[in-house]
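See below for the structure under consideration.
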Amino acid sequence: MGENKDMMEKIISLSKRRGFIYQGSEIYGGLGGTWDYGPLGIELRNNIKKDWWKRFVQNKADVYGVDASILMNAKVWEATGHVSHFSDPMVECDKCKKRFREDMVDGDKCPECKKGKLGDAKEFNMMFKTSVGAVEDSSSVSYLRPETAQGIFVNFKNIQDSFRPTLPFGMAQIGKAFRNEITPRDFIFRVREFEQMEIEYFVRKENWEDYFEYWRKECGDWVNSIGINMNKVHEIDVKGDELAHYSKKTIDFEYEYPFGQKELFGLAYRTNFDLTNHKLEYTDLDTGNKTVPHVIEPSFGIERLVLAILLDAYTEEEVAGDTRVVMKFEKHMAPVQVTVLPLMKKDGMAELAHKVFDDLKERFVCQYDITGSIGKRYRRQDEIGTPYCITVDHDSLEGNTVTLRDRDTMEQVRVKIKDLEEYLEDKFK
Ligand code: GAP
1035 MGENKDMMEK IISLSKRRGF IYQGSEIYGG LGGTWDYGPL GIELRNNIKK DWWKRFVQNK
1095 ADVYGVDASI LMNAKVWEAT GHVSHFSDPM VECDKCKKRF REDMVDGDKC PECKKGKLGD
1155 AKEFNMMFKT SVGAVEDSSS VSYLRPETAQ GIFVNFKNIQ DSFRPTLPFG MAQIGKAFRN
1215 EITPRDFIFR VREFEQMEIE YFVRKENWED YFEYWRKECG DWVNSIGINM NKVHEIDVKG
1275 DELAHYSKKT IDFEYEYPFG QKELFGLAYR TNFDLTNHKL EYTDLDTGNK TVPHVIEPSF
1335 GIERLVLAIL LDAYTEEEVA GDTRVVMKFE KHMAPVQVTV LPLMKKDGMA ELAHKVFDDL
1395 KERFVCQYDI TGSIGKRYRR QDEIGTPYCI TVDHDSLEGN TVTLRDRDTM EQVRVKIKDL
1455 EEYLEDKFK
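Numbers 1035 to 1463, taken from my numbering, label the letters of the sequence shown in order.
Pasting the structure below:
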């Protein structure tokens, strides 16, 4: 367990040191369950989102993207049962008054103050309630969405009217979701503000099992492709009481985090629960027959993908009596793809390095780094997982060549400046 705790500390510390992830509102003591993303964290998130969108929306002829509002009419959440059911059982200490999720405590002793007794469990609704408009009354109540899925369902008719799709077809969305978690914890694993990438795939009832299997495989293949070790991912069939109120079958894909095996993403068969509750239906274009399609829902949370990618990318190597930390991201996930380093500022090396940066910046996510010794700069790039470093040295000034250093092998090759773009293009293919 010590080693595992150590691993989380290393990831949290590297994330802060190198500008991936910071505590939310840190200068005011933080705000529980919120995290801010720095320059490298944003690039990593964006790479995940871009790759998901390309693979599951743009590359699929039958999936339509939407971007719905976070604030939705309260009737949406009444219709779906979230107002009455979207809750976790919570217990409170009779001495320090701290609250805990019931399933996260053992026995009735308060784990915080160790003196108090935990009371009976009460249901705690996790939706953030707010008020829309200048007057606060029951008609102004709105909720920050706790899942992006409903933004998809409420646009089901719009997509039918605009595109006239035939079953099966899907709708997809990437966006923020909010849950007032009782005990946010484990860095970015359980937070109150997070981002989801969800697909609602509409099928005829009799075909749901085939499409469930189709999406099970699709999801696993994609997760593997972004650098998550599938040997650490386990499929758990969610049983009975544990199923969400809308689901007939769910597989939780759990990942071996250092703090235990917990959910990474989910795949659910939501039946026709949501469309029925929203009184929506599908009209067959050929026959005019009406039906309420059933739904398969692959649902990913970006924070948990970011965490698993960071954990699987982290490596330490002993080099010349020193520890070299390397983030071995898949190349298409790396926040920075290429960094250009002038060996020194003088003799025109900085200017030439700037020119190389300018030549490559349109095609690759590039950095230009001139501070510190070349050894320190390589180490810094290893720690942020930059696949290739280009060094402009004395020979570059005469021969118009640079060295290209590979992150994983540390091998250096000399490449003509005019060939760099093509050479790198090939490496990133
Ligand atoms: N629409 C279905 C749905 O929302 P969920 O299992 O509650 O299902 C889907 O959430 C995914 O969203 C999870 O697998 C997880 O990746 C992410 N997620 C849920 N709650 C989260 C939280 N508090 N912090 C971070 N990610 C969360």
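The C-beta atom is built at its ideal place from N, Cα and C for all residues, glycine as well.
Just so it is clear, the structure is predicted and the values come from calculations on it, not from any experiment.
Query	Result
Helix, strand or coil at Ala1354 [DSSP, three-state]	coil
Cβ contact (3+ pairs, closer than 8 angstroms) linking the stretch 1328-1339 and the stretch 1076-1091	yes
Sufficient close CB pairs (3 or more, under 8 angstroms) joining the stretch 1276-1285 to the stretch 1303-1321	yes
Rounded separation between Val1139 and Gly1066 - CA only	19 angstroms
Residue environment, Asp1460, which counts as buried when at least 16 other CB atoms sit within 10 Å	exposed
Collapsed DSSP secondary structure at Cys1400 in the structure displayed	strand
Per-residue burial, His1119 [other beta carbons within 10 Å of its own, 16 or more giving buried]	exposed
At least 3 beta-carbon pairs within less than 8 angstroms: the stretch 1372-1392 vs the stretch 1416-1433	yes
DSSP state of Gly1300 mapped onto helix, strand, coil	strand
CB contact flag (Ser1172, Met1106, <8 angstroms)	no
DSSP state of Ile1451 mapped onto helix, strand, coil	helix
Contact test: Gln1230 Cβ vs ligand 1 heavy atom, cutoff 7 angstroms	yes
Alpha helix (DSSP H) runs contained entirely in the stretch 1219-1299, provided each spans 4 or more residues	1242-1259
Near ligand 1: Arg1213 beta-carbon under 7 angstroms from a heavy atom	yes
Test item: CB-CB of Lys1044 and Tyr1348 under 8 angstroms	yes
beta-carbon Gly1335 near ligand 1 non-hydrogen atom, thresh 7 angstroms	yes
Beta-carbon spacing of Thr1340, Ile1222 below 8 angstroms	One detail in the question is off: residue 1340 reads as Val in this sequence, not Thr. Taking 8 angstroms as the Cβ cut-off, Val1340 and Ile1222 qualify as a contacting pair.
Whole-number beta carbon distance between Pro1202 and Val997, since they are thought to touch under 8 angstroms	Because the chain in this structure spans residues 1035 to 1463, residue 997 falls outside the shown range and cannot be described.
Candidates Val1125, Ile1055, Cys1144, Gln1184: closest to Trp1465 by CA position	Examination of residue 1465 is not possible in this model, given that the chain is present from 1035 through 1463 alone.
Start and end residues, alpha helix (DSSP H) containing Gly1141	It is not in any alpha helix (DSSP H) - Gly1141 carries neither H nor E in the DSSP assignment.
Sequence ranges, alpha helix (DSSP H) only - wholly within the stretch 1135-1174, length at least 4	none
Residue of Pro1218, Leu1298, Tyr1303, Pro1199 minimising C-alpha distance to Trp1242	Tyr1303
Check: Glu1432 C-beta below 7 angstroms from any heavy atom of ligand 1	no
First and last residue of the uninterrupted beta strand (DSSP E) at Tyr1098	1097-1099
Rounded straight-line distance, which links the Cα of Ile1061 to that of Ala1342	27 angstroms
With 16 other Cβ atoms within 10 Å as the buried cut-off, status of Gly1433	exposed
Endpoints, the alpha helix (DSSP H) within which Leu1344 is located	1336-1347
Leu1178: CB within 7 angstroms of a non-hydrogen atom of ligand 1	no
CB of Asp1403 within 8 angstroms of CB of Arg1411, strictly	yes
Backbone CA spacing between Val1117 and Glu1240 [nearest angstrom]	31 angstroms
Among Ile1208, Phe1190, Gln1207, the one whose alpha carbon lies nearest that of Thr1200	Phe1190
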